[in-house]
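S.K.: Structure provided below as structure tokens; questions to follow.
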Amino acid sequence: MSKPTQDAVYKVPANKKRPSASGLEFIGPLVSSVDETPDPISTVIKGEIPSWITGSFFRNGPGKFEFGESKFNHWFDGMALMHRFHIEDGQVTYSSRFLQSDSYVQNAEKNRIVVSEFGTLATPDPCKNIFSRFFSRFQIPKATDNAGVSFVKYKGDFYVSTETNFMRRIDPVSLETKEKVDWSKYIAINAATAHPHYDREGASYNLGNSYGQKGFFYHILRVPPGDGKNDVANLSGAEILCSVPASDPRKPSYYHSFVMSENYIVFIEQPIKLDLLKFMLYRVAGKSFHKIMTWNPELETIFHVADRRTGQLIKTKYYSSAMFTLHQINAYEDSGYLIMDMCCGDDGNVIGDFTMENLRASGEELDKFFSSLCTNLPRRYVLPLDVKEDEPNDHNLISLPYTTATAVKTANGVFLSHEDLYNDDLLQYGGLEFPQINYTYYNARPYRYFYACGFGHVFGDSLLKMDLEGKKLKVWRHAGLFPSEPVFVPAPDAKDEDDGVVMSVVITPKEKKSSFLLVLDAKTFTELGRAEVPVDIPYGTHGLFNEKS
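Residue numbers for the sequence shown follow our numbering, so the first one is 1 and each next one is one higher.
Dropping the structure here:
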């Protein structure tokens, strides 16, 4: 196992939180604008890229942070830059393109920011007269189509997605931007996540919402399978499986993803709240979207469970103390229980903190920002699926021998307490996020391994492999290198769950044009090879590997 080699000094506090640090490396270059590389270029291979890997590794994330003199305030606001590493016969080519969203095109035409984003409010057009500029502040901005969060698939087609009602279809070879897709044209929702799930028949599932005179609702969605041979975007057949009314219709919960097992879907209503009144008035008040989000630790976290096929909600109320989660690891059923593993934190203020000012800080200011961030750690919650009405209160309903998680019936429902899925050695790597599994063969099934980024810095600075048998870690970490979300690719003749490779795009603020695609042996977690790319790549968000493109 690699040892920490970063020059910063770490001190692990007694309360099992992210280590405090001093002397953190400046990461401003990782959130700087770059040029696109639309024509594929060759890479320099060091080591060996296994010849059985044939396909494309796609990545998404912000890549342009200003237009003219106007600058975005938040990292999430940067214009989407799509990346493609095409791998064949042990060789790798690289290309990238800016998503030609309406947001990008309009900003570029005006050479200033004219479309509001998550953390940046577009200012009124200075060419308008004073009355037009005044009244423009009373117009709610249209949702952005700057889909810079992830690559997703529906009916076999590729899209890039964010957390609004808009997606863009993408050519998976050229990265050319295709048509804009509005979810609300197919189904009655206002937004959907960038993290769908897929079943083994090819259907896609997602979580959306709607609000109107009847209140605020969360919706579980299903899009039927397709063959990917559509000439145009096609979400026909999309349906709402289930609708969940918000506990507080004036202040619904923020969500980023959801849980899916073989037979159930779980929506986690967490105490990160959106103030709808502020949302309606935020342009008048001159506040951006992230200003209307608040963390409410006095509230419960509620787990809404629905049958994946019928959409029927389980009547039992499952709840826990306040926590927040952005990304799920896996979920499966065993002996009448639903086991849910996810990355969790105890301070939901983290989302609004990733401002460009904070990310471009240095010295003591950067150390202070890092120390203020919540530690995200892997947890397991276990839900008993068949809770009898005559079940006595105040005793643990879970009898599985391999978990310490508990579920206690109360007068209000079933109260869940989690099991920590880590040992203390994880803390020296700063907790973890961006979890991935062998999704093809082990999603919604019992599993043993997951992969993630360790966060000994504001951005991930290590790659981790967690073995849930003993909660043992394997680590890849080198000073000054910042790897992306790891993606597992199974070997064609795989016998074990971890037979395959893990891919990650590694960047550094120390040297320009020194990015590379890293390929690790998933079993040993040692480097097999890397493909060095003579371009600058900013720190990104999510991606996927596709064997067919």
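In this text, a Cβ means the ideal position worked out from N, Cα and C, and glycines have one as well.
Rounded to whole angstroms, how far is the Cβ of residue 165 from the Cβ of residue 79, which I believe are closer than 8 Å?
M.R.: Translated into positions along the sequence shown, residue 165 becomes position 165. Translated into positions along the sequence shown, residue 79 becomes position 79. Between residue 79 and residue 165 the Cβ distance is about 19 Å, and since that is not below 8 Å, they are no contact.
S.K.: Within the region 168 to 205, note down every full beta strand (DSSP E) run reaching 3 residues or more, in order along the chain.
M.R.: List check, beta strand (DSSP E) in window: 177 to 182.
S.K.: Taking 7 Å as the threshold (C-beta atoms), are residue 52 and residue 359 in contact?
M.R.: Against the sequence shown, residue 359 aligns to sequence position 359. Against the sequence shown, residue 52 aligns to sequence position 52. Their beta carbons are not under 7 Å apart, which means residue 359 does not touch residue 52 by this criterion.
S.K.: For residue 292, I'd like the list of residues in its chain whose CB is within less than 7 Å of its CB, leaving aside the five on either flank, ordered along the chain.
M.R.: Numbered from 1 along the sequence shown, position 292 holds the residue referred to as residue 292. Excluding positions up to five away in sequence, the list reads 274, 275, 278, 279, 282.
S.K.: Return the bridge partner residues of residue 212 from the DSSP annotation.
M.R.: Translated into positions along the sequence shown, residue 212 becomes position 212. 215.
S.K.: According to DSSP, simplified to helix, strand and coil, what is residue 292?
M.R.: The residue labelled residue 292 in the question sits at position 292 within the sequence shown. In this structure, residue 292 counts as helix in the three-state DSSP scheme.
S.K.: Which residues in the same chain as residue 362 place their Cβ atom closer than 8 Å to its Cβ, once the five residues preceding and following it in sequence are excluded?
M.R.: Here the question's residue 362 lines up with position 362 in the sequence shown. Within the same chain, residue 362 has close Cβ partners 26, 28.
S.K.: So, residue 304 versus residue 354, is the Cβ gap smaller than 7 Å?
M.R.: Counted from its first residue, the sequence shown places residue 304 at position 304. Counted from its first residue, the sequence shown places residue 354 at position 354. No, the pair does not count as a contact, with Cβ atoms beyond the cut-off.
S.K.: By Cβ distance, which residues of its chain are closer than 7 Å to residue 494, with the 5 residues on each side in sequence left out?
M.R.: On the sequence shown, position 494 is the one that residue 494 refers to. Cβ neighbours of residue 494 beyond the five flanking positions: 500.
S.K.: Express the C-alpha separation of residue 421 and residue 449 in angstroms, rounding to a whole number.
M.R.: As a position in the sequence shown, residue 449 is number 449, starting the count at 1. As a position in the sequence shown, residue 421 is number 421, starting the count at 1. When rounded, the distance between both Cα atoms is 11 Å.
S.K.: Within 8 Å, do at least three Cβ pairs link the region 368 to 387 to the region 333 to 353?
M.R.: The region 333 to 353 vs the region 368 to 387: in contact.
S.K.: Given residue 82, which residues of its chain have a CB within under 8 Å of its CB, disregarding the five upstream and five downstream residues?
M.R.: To locate residue 82, count along the sequence shown from 1; it is residue 82. 58, 59, 60, 96, 97, 98, 99, 151, 160, 170, 175, listed in sequence order.
S.K.: Going by DSSP, which residues form a beta bridge with residue 268?
M.R.: One-based indexing of the sequence shown puts residue 268 at position 268. Partner(s): 303.
S.K.: Under a three-way DSSP split, which group does residue 103 fall into?
M.R.: Here residue 103 refers to the residue found at position 103 of the sequence shown. Helix.
S.K.: Once you ignore the five residues that flank residue 454 on each side, which residues in its own chain have a CB closer than 8 Å to its CB?
M.R.: The sequence position of residue 454 within the sequence shown is 454, counting from 1. Closer than 8 Å at Cβ, skipping near neighbours: 426, 429, 430, 431, 432, 460, 461, 462, 463, 464, 475, 477.
S.K.: Have a look at 30, 533, 436 and flag the residue whose alpha-carbon is nearest the alpha-carbon of residue 502.
M.R.: By 1-based counting over the sequence shown, the position of residue 502 is 502. Answer by Cα proximity: 436.
S.K.: Given this structure, state the Cα-to-Cα distance separating residue 234 from residue 533, to the nearest angstrom.
M.R.: The sequence position of residue 234 within the sequence shown is 234, counting from 1. The sequence position of residue 533 within the sequence shown is 533, counting from 1. Each residue's Cα considered, the two are about 35 Å apart.
S.K.: Kindly list the residues whose CB is nearer than 7 Å to the CB of residue 245, restricted to its own chain and excluding five residues on each side of it in sequence; keep chain order.
M.R.: Locating residue 245 in the sequence shown gives position 245, counting from the first residue. Closer than 7 Å at the Cβ level, and outside the excluded window around residue 245, lie 215, 217.
S.K.: Could you check what DSSP says for residue 221 in three-state terms: helix, strand or coil?
M.R.: For the purposes of this step, residue 221 is identified with residue 221 of the sequence shown, where counting begins at 1. The answer is strand: DSSP assigns residue 221 an E or B state.
S.K.: Given a threshold of 16 other Cβ atoms within 10 Å of its Cβ, counted over all protein chains shown, does residue 62 qualify as buried or as exposed?
M.R.: Reading the sequence shown from its first residue, position 62 is the one you call residue 62. Per the 10 Å Cβ criterion, buried.
S.K.: Please state the DSSP three-state secondary structure of residue 543.
M.R.: Stepping through the sequence shown from its first residue, residue 543 is reached at position 543. Note: residue 543 maps to strand in three-state DSSP.
S.K.: Please return the same chain residues whose Cβ sits closer than 6 Å to the Cβ of residue 101, not counting the five positions on each side in sequence.
M.R.: Within the sequence shown, numbered from 1, the residue matching residue 101 stands at position 101. Correct list, in chain order: 145, 146.
S.K.: If contacts are defined as beta-carbon pairs under 8 Å, then residue 253 and residue 239 qualify, I think. What distance do you get, rounded to the angstrom?
M.R.: Looking up residue 253 in the sequence shown gives position 253. Looking up residue 239 in the sequence shown gives position 239. Residue 253 to residue 239, Cβ: 23 Å. No contact.
S.K.: If you follow the beta strand (DSSP E) that residue 326 is part of, which residue opens it and which one closes it?
M.R.: The residue you call residue 326 lines up with position 326 of the sequence shown. Element bounds for residue 326: 324 to 334.
S.K.: Please list, in chain order, all residues of the same chain as residue 513 whose beta carbon is under 7 Å from its beta carbon, the five residues on each side excluded.
M.R.: Position 513 of the sequence shown holds residue 513. Closer than 7 Å at Cβ, skipping near neighbours: 534, 535, 536.
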